[in-house]
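Below: one structure, written as structure tokens.
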Amino acid sequence: MSDLPTILTPRLRLRALRESDLPRLAELADTPEIYRCTLRIPSPYRLEHAEQFMRIQQSAWAKGEAMILAIALRDSDEVVGAIGLEIHRPMDRAELGFWLGVPYWNRGFTTEAAGAMLGYGFGHLHLNRIFAGHLAGNDASARVQQKIGMKHEGVLRGALKKDGVYRDNVIYAVLREEFHTAVEWSLDESGGSAAAALTLETARLILRPTNDSDLDDFVRVAGQLSVARNTGTFGHPFTREDARARLSRHQQSLADRTGVCFAVLLKESGLGIGTTGFFGYNREHGHAEVGYMFDPDHWGRGYATEALHAVVRHAFVDWDIRRLTAGYFADNPASGRVLAKVGFKHEGLRRQHLQRFGEYRDDVLMGLLRDEYQGDRA
487 MSDLPTILTP RLRLRALRES DLPRLAELAD TPEIYRCTLR IPSPYRLEHA EQFMRIQQSA
547 WAKGEAMILA IALRDSDEVV GAIGLEIHRP MDRAELGFWL GVPYWNRGFT TEAAGAMLGY
607 GFGHLHLNRI FAGHLAGNDA SARVQQKIGM KHEGVLRGAL KKDGVYRDNV IYAVLREEFH
667 TAVEWSLDES GGSAAAALTL ETARLILRPT NDSDLDDFVR VAGQLSVARN TGTFGHPFTR
727 EDARARLSRH QQSLADRTGV CFAVLLKESG LGIGTTGFFG YNREHGHAEV GYMFDPDHWG
787 RGYATEALHA VVRHAFVDWD IRRLTAGYFA DNPASGRVLA KVGFKHEGLR RQHLQRFGEY
847 RDDVLMGLLR DEYQGDRA
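Numbered per our numbering, the sequence shown finishes at 864, counting up by one with no gaps.
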């Protein structure tokens, strides 16, 4: 398999363990609190245990048996715990497990990391079911499992043995088709467990919901005539007041769960190069419309296709959207090529449908069904 993924959340980075992490990992794991609420962590926990854990991480991923990641703070990259999915093929299910160092408890980090793992498991590992168990009496783990949308399924009496005592195993689970409920919860919570669905990462890009800090980038991109001319609603000139109003509407759309607009940032530099997302989400019919715009200085490099793949996966998996539509002006074939690369199919042409900058222009209609989407293979 490929290298272990890195999953970004608002406050965390879930990534492969490094040798430099191991002393701190051993220090955090070697506490009575961690030993008491876990089944596989020995006490005392020494550096050699951390070294073995890293070897298991690498081997299990290579065999397709598990995805185990370090939980690190996004700002400092300091390791604070670990989280993983033990994968059971061909049943397309996995068991979620996690632990967090005691100094980092009660900050929502575990919920944030666990939500992100669900999003990755359903969206990228194509799992159907993710379950988790905890020792009876571990109420903190139960709360995490509930917050990420898992449902209580039962208690396996005397199923676990710890320190010579048989213990009950409390089981929670969530199905792929239920996961949008967890996403809906995350959007309503303060403190940022929007991890699973609201920070998207590709090979070269980071996508996150737009906010007020994007004002300058937004004006710079949308204020160019070549950009405005190929959109259906942006005027020219495009002022800072126009941008503030747009950003406010983006935030309201996300709060109302009618859509999401992502700022598209270059991973290496953090430079904002455009926006993409979907809007007009109709829950009854399960459809929404995709839109995007990019800085002309970055056209022709595949960024729009790369970002749109991430948005389409997000819409189909995390929002449970069934159908996505998109339109482009007939004299903008580059936009049509982007949509076709992602898998959209031509559905029609609305002749002279929109008047833009003094001329009537034809609008090409494209559509993509969830059942048709082939990911990056399209």
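The beta-carbon is built from N, C-alpha and C at its ideal position, and this holds for glycine as well.
Self-check item: Opening and closing residue of the alpha helix (DSSP H) in which His610 lies
Solution: Looking at the DSSP string, His610 is not in any alpha helix (DSSP H), and its letter there is neither H nor E.
Within a Cβ cutoff of 8 Å, which residues of the same chain sit near Leu794, ignoring the five residues on either side of it in sequence? Thr762, Val776, Tyr778, Val824, Leu825, Val828
Exercise. How big is the Cα-Cα spacing for Ala729 and Val713?
Worked result: 14 Å
**Item:** DSSP bridge partner residues for Trp585 (one or two, in chain order)
**Value:** Ala568
* Please report the Cβ distance between Ala689 and Glu792, rounded to the nearest whole angstrom; I am assuming they are in contact, meaning their Cβ atoms lie under 8 Å. => 7 Å
Within 9 Å, strictly: CB atoms of Phe802 and Arg856: yes
* To which residues does DSSP link Met852 through a beta bridge? -> Ala812, His832
Review point. Mind checking Arg499: buried by the 16 CB within 10 Å criterion, or exposed?
Key: buried
Uninterrupted alpha helix (DSSP H) stretches inside the stretch 717-781 (no shorter than 4 residues)
726-742
I need the DSSP call for Tyr846, collapsed to helix, strand or coil. strand
Margin query: Taking only three categories from DSSP, how would you classify Glu551?
Written below: coil
Q: Within its chain, find whatever has a CB closer than 7 Å to the CB of Leu586; leave out the 5 residues flanking it on each side and keep chain order.
A: Ile557, Val566, Gly567, Phe595, Thr596
>> For a test of the three-state rule: what should DSSP assign to Gln631, helix, strand or coil?
In response: helix
*Can you name, in chain order, every residue of its own chain whose Cβ lies under 7 Å from the Cβ of Gly677, other than the five neighbours on each side?*
Unreliable placement is indicated for Gly677, whose pLDDT of 34 sits below 50; the coordinate value is still reported in the next sentence. The residues are Gly594.
Exercise. Is the distance from the Cβ of Gly583 to the Cβ of Glu572 below 9 Å?
Worked result: yes
Item checked: Spatial distance of Phe704 from Leu621 (CA atoms) -> 49 Å
Item checked: Beta-carbon proximity check, Ser506 vs Asp516, cutoff 9 Å -> no
Throw me the rounded Cβ distance for the Gly760 and Asp781 pair, which I believe falls under 8 Å.
6 Å
Point to revise | N-terminal and C-terminal residue of the alpha helix (DSSP H) that Leu691 is part of | key: Unbroken run through Leu691 is the beta strand (DSSP E), 691-695; no alpha helix (DSSP H).
Would you decide whether Arg836 is buried or exposed? Buried here means 16 or more other CB atoms lie within 10 Å of its CB. exposed
- [ ] Kindly indicate which three-state DSSP category Leu825 falls into: helix, strand or coil?
- [x] helix
Report task. My understanding is that Phe748 touches Leu693, with C-beta atoms under 8 Å, so please give their C-beta distance in whole angstroms. Result -> 4 Å
Notebook entry, point to check: If we ignore side chains and look at the alpha-carbon of each, how far apart do Arg560 and Arg787 end up?
Noted result: 28 Å
Residues in its own chain within less than 7 Å of Gly457 by CB, not counting five upstream and five downstream? The requested residue 457 does not occur in the structure, where the chain is confined to residues 487 to 864.
Worksheet item: When we look at the beta-carbon of Tyr658 and count the other beta-carbons within 10 Å, is it buried (16 or more) or exposed?
Response: buried
* Asked: Considering only C-alpha positions, which residue in the set Gln841, Ala796, Asp742, His638 is nearest to Thr719?
  -> Gln841
- Message: What does DSSP give as the partner residue(s) for Val660 in the beta ladder?
- Response: Ile616
Exercise. Is the Cβ-Cβ distance between Thr696 and Leu752 less than 9 Å?
Worked result: no
**Message:** With distance defined between alpha-carbon atoms, name the residue in Ile520, Gln860, Phe830 nearest to Tyr590.
**Reply:** Ile520
Q. Does the separation of the CB atoms of Glu687 and Ile527 fall below 9 Å?
A. no
message: Distance check for Leu646 and Ala774, CA to CA, integer angstroms please.
response: 46 Å
At a cut-off of 8 Å, is Thr524 close to the ligand SAH when judged by its beta-carbon and the heavy atoms of the ligand? The ligand SAH is absent from the structure shown, which contains no ligand whatsoever.
Query - Minimum C-alpha distance to His610 - residue among Arg653, Gly822, Arg799 - result: Arg799
Please classify Tyr652: is it buried, with 16 or more other beta-carbons within 10 angstroms of its beta-carbon, or exposed? exposed
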